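Below is one structure, written out as structure tokens; the observations come after it.
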Amino acid sequence: MVVIDAQDAVVGRLGARVAKLLMSGQAVEIINPDKALMRGSLSAAKEKYLSRRHQKDKRTPENSPHWPRSPHLLLRRMIRGMLPFGSSRRGRDAYHRLKVHAIAPEGVKAQRIAEAESGGKHGTYSISELSESLGYNVRKPANQ
1102 MVVIDAQDAV VGRLGARVAK LLMSGQAVEI INPDKALMRG SLSAAKEKYL SRRHQKDKRT
1162 PENSPHWPRS PHLLLRRMIR GMLPFGSSRR GRDAYHRLKV HAIAPEGVKA QRIAEAESGG
1222 KHGTYSISEL SESLGYNVRK PANQ
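Residue numbers (our numbering): 1102 to 1245.
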């Protein structure tokens, strides 16, 4: 099993690496998904994901695609888009080997992906900022 820390990692590069590991048969766990970064404009991404959230099938709305708001489920859904989920059993099996933890488990040693580090002149924002703009309510612990 491979444990990956998503802190300060660019989502696209991280997702491509994770998809490759999953398709090779390894189980992958991702921690700190809310600290993963995306590049570009937050307002453009918000508009893109809100339009995806509002897509509905007229005949049977229950069959519409589901795009979550929470950061860990949103990252999991983004990685699903990089796998052959709908076209092969192998892709679905790979997706079921992926686990994304909202809170890092105690005592877990995670590796960082060096190529996925952010650095550039484009605007960056975290997945938690995107989730909050989509309407996700972050609950703060009571002692803070």
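Glycine included, C-beta positions come from ideal geometry on N, C-alpha and C. Owing to the predicted nature of the structure, the values given are computational and were not obtained by experimental measurement.
query, result
"State the beta-bridge partners of Asp1135 as determined by DSSP.", "Asp1135 pairs with nothing; no bridge assigned."
"Three or more beta-carbon pairs under 8 Å between the segment 1147–1158 and the segment 1182–1191, yes or no?", "no"
"Starting from the C-beta of Ala1195, find all residues in its chain whose C-beta is less than 7 Å away, skip the five residues before and the five after it, and write them out in chain order.", "Leu1123, Met1124, Leu1184"
"Expressed to the nearest angstrom, what Euclidean distance is found between the alpha-carbon atoms of Lys1200 and Ala1117?", "15 Å"
"Determine which residues share a DSSP beta bridge with Tyr1226 and list them.", "Met1139"
"Cutting at 7 Å between CB atoms, please list the residues of its own chain near Asn1133, excluding the five before and the five after it.", "Asp1106, Ala1107, Gln1108, Ala1205"
"Once you ignore the five residues that flank Ala1120 on each side, which residues in its own chain have a CB closer than 7 Å to its CB?", "Ile1180, Met1183, Leu1184"
"Could you name the residues of the same chain whose beta carbon sits closer than 7 Å to that of Arg1170, not counting the 5 residues immediately before and after it, in chain order?", "Ser1232, Leu1235, Gly1236, Tyr1237"
"Assuming Ile1214 contacts Leu1176 under a Cβ cut-off of 8 Å, what Cβ separation, rounded to an integer in Å, is found between them?", "With a Cβ gap of about 14 Å, Ile1214 and Leu1176 do not count as contacting."
"On a Cα-Cα basis, can you pick out the residue from Ala1110, Gln1127, Val1111 that is closest to Met1102?", "Gln1127"
"Could you pull the start and end residues of the alpha helix (DSSP H) that Val1112 belongs to?", "1112–1124"
"Report, in whole angstroms, the separation of the C-beta atoms of Arg1114 and Thr1225, which I expect to be a contact under 8 Å.", "Not quite, the Cβ-Cβ distance comes to about 13 Å (not below 8 Å), so this is no contact."
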